[in-house]
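J.: Submitted below is the structure of interest, expressed as structure tokens.
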Amino acid sequence: MTDQEIREYSSFVRDVSRWVDEILTDQKRFAELKRDVRRAEKRVGDKAKWLLKFAYLDLAKVNNIAFNDLRLEIFAFALSEYKPPKEFSTGFFEPLPYLFRVFSLSRLGSTNSLVDFFQSELRKRFDDSIQGRWWEYRRPAPVERFRIFRRRSPEGVHYVDNTGGDGISVPDILLGIATDVLKRERERFGICQNLRCGNPFVAERKNRAKYCSPKCAAYVRVNRKRGKL
Ligand SMILES: [Zn+2]
Numbered sequence: 027m028t029d030q031e032i033r034e035y036s037s038f039v040r041d042v043s044r045w046v047d048e049i050l051t052d053q054k055r056f057a058e059l060k061r062d063v064r065r066a067e068k069r070v071g072d073k074a075k076w077l078l079k080f081a082y083l084d085l086a087k088v089n090n091i092a093f094n095d096l097r098l099e100i101f102a103f104a105l106s107e108y109k110p111p112k113e114f115s116t117g118f119f120e121p122l123p124y125l126f127r128v129f130s131l132s133r134l135g136s137t138n139s140l141v142d143f144f145q146s147e148l149r150k151r152f153d154d155s156i157q158g159r160w161w162e163y164r165r166p167a168p169v170e171r172f173r174i175f176r177r178r179s180p181e182g183v184h185y186v187d188n189t190g191g192d193g194i195s196v197p198d199i200l201l202g203i204a205t206d207v208l209k210r211e212r213e214r215f216g217i218c219q220n221l222r223c224g225n226p227f228v229a230e231r232k233n234r235a236k237y238c239s240p241k242c243a244a245y246v247r248v249n250r251k252r253g254k255l
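Position one of the sequence shown corresponds to residue 27 (this note's numbering), numbered consecutively onward.
Okay, structure coming up:
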């Protein structure tokens with residue numbers, strides 16, 4: 027991270043903390059959650075790699091502790107991509123407090139189906155992409171809400187408007203963020219050129235690697251030398 031990124035990140039964390047303060051009244055639980063999210067963010071690391079790995083993870087083999095870790099990783103993933111608006115205005119759809127609310131409901135259990143759903147939606151699209159089809163995701167349209175007739179209240183006669191995005195679900199927020207990350211990082215994705223492997227992989231840098239691992243690169247090199255390929 028550059029100094030600039032660190033500064034941006036810490037101001038971002040301060041903003042997040044402020045919002046979360048408003049959401050969670052239990053300070054102890056809030057401190058725990060913050061610490062857990064920070065750790066989860068370290069585990070996520072490279073977001074493109076994490077997405078591919080998560081999409082093909084065998085959830086049936088993940089125990090409860092690892093599952094809770096995974097849930098926090100999803101949250102940290104979303105959080106790291108979230109851009110707080112410069113001007114905070116009421117009526118603006120804020121996915122972050124919403125996500126926090128969902129993820130802080132319970133430390134285990136309540137969001138299992140969310141993890142499963144997010145994974146299956148990702149895997150479906152990765153499968154399509156590996157087959158040469160589009161990555162496709164339709165973003166939900168914001169809901170417009172306004173009253174036609176003016177209301178009388180102690181403050182006077184006024185219109186009541188609400189441009190909230192209540193119709194946007196957590197899976198939609200997550201899939202939207204994943205789509206943004208993949209669109210930005212797609213040049214790092216490849217299919218291993220070792221015909222006996224063919225696994226999808228994420229390279230360190232864009233348009234560089236042909237093989238998913240040094241093992242596959244060596245396999246092709248050795249067999250080419252022997253005239254087998
Ligand atoms: Zn390979």
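Even for Gly, the Cβ is constructed at its ideal location relative to N, Cα and C.
Since we're looking at a predicted model, the values are computed, not measured.
Would you say N249 touches ligand 1, meaning its beta carbon is less than 7 angstroms from a heavy atom?
T.: Along the sequence shown, one-based indexing puts residue 249 at 223. False, no ligand heavy atom lies under 7 angstroms from that Cβ.
J.: Work out the CA separation of R173 and V228 for me, nearest whole Å.
T.: Locating residue 228 in the sequence shown gives position 202, where the first residue counts as 1. Locating residue 173 in the sequence shown gives position 147, where the first residue counts as 1. Going from the Cα of V228 to the Cα of R173 covers about 49 angstroms.
J.: Based on DSSP bridge pairs, tell me the residues matched to F215.
T.: Sequence index remark: in the sequence shown, residue 215 carries index 189 (1-based). F215 pairs with V228.
J.: Please look up how many angstroms separate the CB atoms of F143 and P197, rounded, as I've assumed it's under 8 angstroms.
T.: Here residue 143 refers to the residue found at position 117 when the sequence shown is read from its first residue. Here residue 197 refers to the residue found at position 171 when the sequence shown is read from its first residue. The Cβ separation is near 5 angstroms, so the contact holds.
J.: Taking all protein chains shown into account, do 16 or more other C-beta atoms lie within 10 angstroms of the C-beta of K241, making it buried, or fewer, making it exposed?
T.: On the sequence shown, residue 241 is found 215 positions in, with the first residue counted as 1. K241 is exposed by the Cβ-count criterion.
J.: Tell me whether S239 sits in a helix, a strand or coil according to DSSP, three-state version.
T.: Within the sequence shown, numbered from 1, the residue matching residue 239 stands at position 213. The answer is coil: DSSP assigns S239 none of H, G, I, E or B.
J.: Can you tell which of L77, S139, G71, L83 has the C-alpha that lies nearest to the C-alpha of F215?
T.: Your numbering for residue 215 matches position 189 in the sequence shown. Of the candidates L77, S139, G71, L83, the one whose C-alpha sits nearest the C-alpha of F215 is L77.
J.: Name the DSSP bridge partner or partners of R210?
T.: Locating residue 210 in the sequence shown gives position 184, counting from the first residue. For R210, which the question treats as bridged, DSSP gives no partner whatsoever.
J.: By how many angstroms is the C-alpha of F175 removed from the C-alpha of F101?
T.: Position 75 of the sequence shown, counting from 1, holds the residue named residue 101. Position 149 of the sequence shown, counting from 1, holds the residue named residue 175. Roughly 41 angstroms between the two C-alpha positions.
J.: In the DSSP assignment, find the unbroken alpha helix (DSSP H) run with A102 in it and report its ends.
T.: Position 76 of the sequence shown, counted from the first residue, corresponds to residue 102. The continuous alpha helix (DSSP H) containing A102 extends over residues 90 to 107.
J.: Beta carbon of Y82: closer than 7 angstroms to some heavy atom of ligand 1?
T.: Here residue 82 refers to the residue found at position 56 of the sequence shown. Answer for Y82: no, Cβ out of range of ligand 1.
J.: Around the Cβ of E213, are there at least 16 other Cβ atoms within 10 angstroms (buried) or fewer (exposed)?
T.: Mapped onto the sequence shown, residue 213 falls at position 187. Classification for E213: exposed.
J.: Answer with buried or exposed for R58, where buried requires no fewer than 16 other C-beta atoms within 10 angstroms of its C-beta.
T.: The count along the sequence shown starts at 1 and reaches residue 58 at position 32. With the sequence shown as reference, residue 58 is identified as Glu, and Arg is not the correct amino acid for it. Exposed, since its Cβ has fewer than 16 Cβ neighbours within 10 Å.
J.: Tell me the rounded alpha-carbon separation between A167 and L221.
T.: Mapped onto the sequence shown, residue 167 falls at position 141. Mapped onto the sequence shown, residue 221 falls at position 195. The straight-line gap from Cα to Cα measures roughly 42 angstroms.
J.: According to the neighbour-count rule (16 or more other Cβ atoms, all chains shown, within 10 Å of its Cβ), is F114 buried or exposed?
T.: For this step, residue 114 is matched to residue 88 along the sequence shown. Residue placement at F114 is poorly supported in this model, since its pLDDT is 42, which falls under 50; the coordinates still yield a value, given next. Label assigned to F114: exposed.
J.: With a threshold of 16 other CB atoms inside 10 Å of the CB of I156, please say whether the residue is buried or exposed.
T.: Position 130 of the sequence shown, counted from the first residue, corresponds to residue 156. Counting the other Cβ atoms within 10 Å of the Cβ of I156 gives fewer than 16, which makes it exposed.
J.: For L98 and R69, I'd like the C-alpha separation in whole angstroms.
T.: Against the sequence shown, residue 98 aligns to sequence position 72. Against the sequence shown, residue 69 aligns to sequence position 43. Between L98 and R69, the C-alpha separation is close to 10 angstroms.
J.: For the alpha helix (DSSP H) containing A74, list its first residue and its last residue.
T.: Reading the sequence shown from its first residue, position 48 is the one you call residue 74. Residues 73 to 81.
J.: Is R165 near G224, with beta carbons less than 8 angstroms apart?
T.: On the sequence shown, residue 165 is found 139 positions in, with the first residue counted as 1. On the sequence shown, residue 224 is found 198 positions in, with the first residue counted as 1. Contact: no.
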